[in-house]
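Peer 1: If you scroll down you'll find the structure; I have some questions about it.
Protein chains in written order, with this note's numbering: chain A, 1 to 505; chain B, 506 to 1010.
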């Protein structure tokens, strides 16, 4: 009998799975056995700064270890961290810690099986082909950026063909690229190829030119043959963990690949999906992009992670965590607070439970995840497990396709950031940028309003000033950028800087 | 009992071997069984142009298939082709063709297991760390180039930090990088780390500064953990082929990794090593760099590939092939001509044998390798096999360490290109470049004359003008560049352009 093993190959210490092939097989064989796993979204409070994680990956790992210890077939799906960031020492890695770790964190953190590198090479090859198209007179402006696997502040602004044509470019990190988004959103190699073909390479006499008009698509798909396969690794306690796709959550879509999650749902009963940064970032994107626009499954529960110290460290920002929990509950997603204790914080448990009760949260799950892993809170999961057991398969939610872009942004500002529509402002130049993007889409034969909205923003803020009183908080729109191949439109929000190319610190 | 299997892991359709670990094991266990394989160098006529191959990889594959069909335990060691070049369509791949092919050419040609990509990321991270060192005041000039996996002509000359400091840079292809040379030449991770530490990052107030003075070496070695493992694949006839390392032969050292060849020699009786471009390029580098300076084994025989049409297509250049065969014979390397026929050339065999007899060559091996593979010439290998059977283990040859650089270049010009010392000329600026390199080395505590010489030149020419009469041929030296970590000094020769960053064609 055909099984997942037939789609699985060993790659050193990890295994890689032909998810496209397996999901095709399931579609073609309705009688083949499969599970219908429910999705648990692990999200977090908005971090006080981008480099201060609340512990989502650690939570995800501890949670599935705890669920499996209770006899539940749980798994997790993680994004692949950016090797360049880890290697540069800007971040310690993204594979949990202590007792809540993966068996081979060095593999996950240091390039896995070259997936990110292959995406980088393919995106850069697209730029080279665009450059050739300029030489041949097919293009006069290139709209896709080169990418780098490693951070380098001096690549934020470069001039290529220096001394001759002096063309201004910016280089961005691979996890911010449109090709990474396409890998995350595509459900087959054909779809991936079609999306690459639909990418706008640049313009000729002001008219958009798509890659499909001048490149051999097979060259790009060949480069990605292994990159589209999710990796299977495991926690130190033997729980299976899939790792696939690595878009940043602040400047991109912040979620693992759709096929890795769908495959996990066919193989396990509970699938814990980690989405980047706060609920306003990765979770908003899972719900409003993946679920509403790309057919992903609505979560049956959420775990909202925070640290015991976050509220105390910055009381002015303490409004954000309850806002996130409330928002998820209003969306029919039972939201379980999880407080990730650090060393020396065990004596705060009673006070934390009191606070949670006052805020009318569900009873929080509290543990020192680094020290104790899933064992530290396994006995606190009764309510959580009961919610999952009683949940029926969630229905699909309304798409925003066709909603005018500004209305869509206002909807997100109100629902995900708590800022009403009349306090969404336009920065000088925004309307010009919107008009240009609208025209570009029209000339490319698509409607801007049919694209899914990606909010591009600082990971540490939801509004122009999160410290302002609620009635004064605003969101300012800065510019619009079309990723036609991925089917996305980026809108830059707030006054905060984005970091498509961080400096090594 | 410990065997090579204990050092081998599956990576998808190929296997990867911890060659460092296996060779360490053999060193630590003198009693452990091993073979003492003899090396056959596959080299070729100097190509008429860089993109016109004579068929070295095809020959290498056909040859081992033919030898194994005769019961001889033969294997081959190939370099990894540059994926960017293949993907861009500038070259059709480098994994043989027709009946003389690898089972999964797409893997070899399209990035293998990410080895080249990891080297690219590591070299680029070194540049980022150097940039940070500039910010911190430790460096004022950076001497290591960024690399790209894909060709892009506009990266030949770029300005980074544009609009602020406007720093001029060039970007080169990964196979031209010093880090690739270090991977090829290192016999352990410790040696690799020491060589990275010895790389000159740049200068501060004119004084060289090495990477070892300011970076965490483990970050670089972590990135290369998988890249240092040779891949094992096979021909369509089941013969084992190791693929590892991919430096270009014109602008770098053109040979596979030393450890992959040494491992192959411990596991097989005959090890066919393919070295890039003509005998004046990759073969010269295997002999004069790998063997003389890095302890590699001297070849017991050579196969010198040409096409039936090469001499006819350009009679002015017909002197080069006999020159190469003679040179190898004078070095005590029995040199077997191999003529790789194309479709419709079978009727030329008698004429080719006559020509070879007139030139006093060994009787040539002739076949249509694409059509017939090794079967096409297996019965012509008696003399070749007999030479290998009678050969004793070759002794080590003299090192040129300490020979003044100019004398060393003149020795190469005379021996490998047939140009006597008095016709080696200096281009304006060469002596300044030499003096600067000499000073840089002195200040770095090394002697320029202790570095191994890498001739950087066009793959299609050996002299300033190969069409000139023999008595008028010259070699002009253009500039000197130190790769202190790899232990190499590059000297650019002749008037031909080098191509560290080709254009997509």
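Idealized CB from N, CA, C, for every residue including glycine.
Keep in mind that this is a model prediction, so the values were computed, not measured.
Which one of 802(B), 1008(B), 727(B) and 805(B) has the shortest CA to CA distance from residue 449(B)?
Peer 2: For chain B, the structure presents residues 506 to 1010; residue 449(B) sits outside this window and is missing.
Peer 1: Which whole-angstrom value describes the C-beta separation of residue 196(A) and residue 182(A), a residue pair presumed to lie in contact below a C-beta threshold of 8 Å?
Peer 2: Rounded, the Cβ-Cβ distance is 6 Å, consistent with contact.
Peer 1: So, are the CB atoms of residue 758(B) and residue 794(B) less than 8 Å apart?
Peer 2: Yes.
Peer 1: With residue 263(A) and residue 11(A) assumed to form a contact (beta carbons below 8 Å), what rounded beta-carbon distance in angstroms separates them?
Peer 2: With 8 Å as the limit, residue 263(A) and residue 11(A) do not qualify as a contact, their Cβ atoms being about 16 Å apart.
Peer 1: Just to confirm, is the Cβ distance from residue 786(B) to residue 841(B) under 8 Å?
Peer 2: Contact flag unset, no.
Peer 1: Do you know whose CA, among 834(B), 920(B), 813(B) and 802(B), lies nearest residue 771(B)'s CA?
Peer 2: Checking every option, the nearest Cα to that of residue 771(B) belongs to 802(B).
Peer 1: For residue 777(B) versus residue 571(B), is the C-beta distance shorter than 8 Å?
Peer 2: Against a cut-off of 8 Å, the Cβ pair of residue 571(B) and residue 777(B) comes out as no contact.
Peer 1: Counting only Cβ pairs nearer than 8 Å, list the residues of chain B close to residue 83(A).
Peer 2: Near residue 83(A) (Cβ distances below 8 Å), the residues of chain B are 626 and 728.
Peer 1: Kindly indicate which three-state DSSP category residue 362(A) falls into: helix, strand or coil?
Peer 2: In this structure, residue 362(A) counts as coil in the three-state DSSP scheme.
Peer 1: When you compare only the Cα positions, how much space is there between residue 934(B) and residue 476(A)?
Peer 2: C-alpha separation (whole angstroms): 57 Å.
Peer 1: Per DSSP, what kind of secondary structure is residue 277(A) in: helix, strand or coil?
Peer 2: Residue 277(A): coil per DSSP, three-state reduction.
Peer 1: Which residues in chain A have a C-beta closer than 9 Å to the C-beta of residue 517(B)? List them in chain order.
Peer 2: Result: 9, 10, 11, 16, 113, 226 and 229.
Peer 1: Hey, could you find the ends of the beta strand (DSSP E) residue 492(A) is sitting in?
Peer 2: First-last of the beta strand (DSSP E) with residue 492(A): 488 to 493.
Peer 1: Considering only residues of the region 96 to 180 of chain A, which uninterrupted beta strand (DSSP E) runs meet the minimum length of 3 residues and lie entirely inside it, listed in chain order?
Peer 2: The region 96 to 180 of chain A contains these whole beta strand (DSSP E) runs: 146 to 148, 158 to 160, 167 to 169 and 171 to 173.
Peer 1: Any beta carbon of chain A sitting closer than 8 Å to that of residue 525(B)?
Peer 2: So no, residue 525(B) is outside the interface.
Peer 1: Kindly say whether residue 629(B), judged by its beta-carbon, lies nearer than 8 Å to any beta-carbon of chain A.
Peer 2: For residue 629(B), the answer is yes, since a Cβ of chain A falls inside 8 Å of its Cβ.
Peer 1: Using a C-beta cutoff of 8 Å, does residue 672(B) count as contacting chain A?
Peer 2: Closer than 8 Å to some Cβ of chain A, the Cβ of residue 672(B) qualifies, so yes.
Peer 1: With distances taken from CA atoms, which of 593(B), 586(B) and 798(B) is nearest residue 600(B)?
Peer 2: Checked all of 593(B), 586(B) and 798(B); the closest Cα to residue 600(B) is 586(B).
Peer 1: If you count every other CB in all the chains shown that lies within 10 Å of the CB of residue 431(A), and 16 or more means buried, which is it?
Peer 2: Residue 431(A) comes out exposed.
Peer 1: Among 839(B), 681(B), 852(B) and 881(B), which has the Cα closest to the Cα of residue 991(B)?
Peer 2: When each option's Cα is compared against that of residue 991(B), the closest is 681(B).
Peer 1: Under the three-state reduction of DSSP, which class applies to residue 758(B): helix, strand or coil?
Peer 2: Residue 758(B) falls in the coil class under three-state DSSP.
Peer 1: Name the chain A residues that come within less than 8 Å of residue 660(B), Cβ to Cβ?
Peer 2: The answer, in chain order, is 160.
Peer 1: Taking contact to mean at least 3 C-beta pairs separated by less than 8 Å, is the region 138 to 150 of chain A in contact with the region 49 to 57 of chain A?
Peer 2: These segments do not touch.
Peer 1: If we ignore side chains and look at the alpha-carbon of each, how far apart do residue 518(B) and residue 653(B) end up?
Peer 2: Looking at the two C-alpha atoms, the distance is approximately 26 Å.
Peer 1: Check whether the Cβ of residue 47(A) lies closer than 8 Å to any Cβ atom in chain B.
Peer 2: So, not an interface residue.
Peer 1: Is the CB-CB distance between residue 184(A) and residue 247(A) below 8 Å?
Peer 2: Yes, these two residues count as a Cβ contact at 8 Å.
Peer 1: Check the Cβ of residue 90(A) against every Cβ in chain B and list those closer than 8 Å, keeping chain order.
Peer 2: Those do not exist, as residue 90(A) stays about 10 Å from chain B at its closest Cβ, beyond 8 Å.
Peer 1: Quick check on the DSSP output: the beta strand (DSSP E) that includes residue 29(A) runs from which residue to which?
Peer 2: Taken as a continuous stretch (DSSP letters only), residue 29(A) belongs to no beta strand (DSSP E), as it is neither H nor E.
Peer 1: For residue 909(B), is the classification buried or exposed, using 16 other Cβ atoms within 10 angstroms of its Cβ as the cut-off for buried?
Peer 2: By the 10 Å Cβ count, residue 909(B) comes out exposed.
Peer 1: Given this structure, state the Cα-to-Cα distance separating residue 285(A) from residue 135(A), to the nearest angstrom.
Peer 2: Approximately 38 Å between the Cα atoms of the pair.
Peer 1: Please identify the residue among 850(B), 736(B) and 581(B) whose C-alpha is closest to the C-alpha of residue 521(B).
Peer 2: Checked all of 850(B), 736(B) and 581(B); the closest Cα to residue 521(B) is 736(B).
Peer 1: Taking only the alpha-carbon atoms, compute the straight-line gap between residue 393(A) and residue 126(A) and give it to the nearest angstrom.
Peer 2: Each residue's alpha carbon lies about 40 Å from the other.
Peer 1: Just the C-alpha distance for residue 377(A) and residue 365(A), rounded to the nearest angstrom, thanks.
Peer 2: Roughly 7 Å separates the two Cα atoms.
Peer 1: May I ask which residues mark the beginning and end of the beta strand (DSSP E) holding residue 845(B)?
Peer 2: Looking at the DSSP string, the run of the beta strand (DSSP E) that includes residue 845(B) is 840 to 845.
Peer 1: Return the CA-CA distance between residue 3(A) and residue 233(A), expressed in angstroms with no decimal places.
Peer 2: Answer to the nearest angstrom: the Cα atoms are 18 Å apart.
Peer 1: Pair every Cβ in the region 859 to 873 of chain B with every Cβ in the region 540 to 553 of chain B, then say whether three or more of these pairs are closer than 8 Å.
Peer 2: Judged by Cβ distances under 8 Å, the region 859 to 873 of chain B makes no contact with the region 540 to 553 of chain B, as fewer than three pairs qualify.
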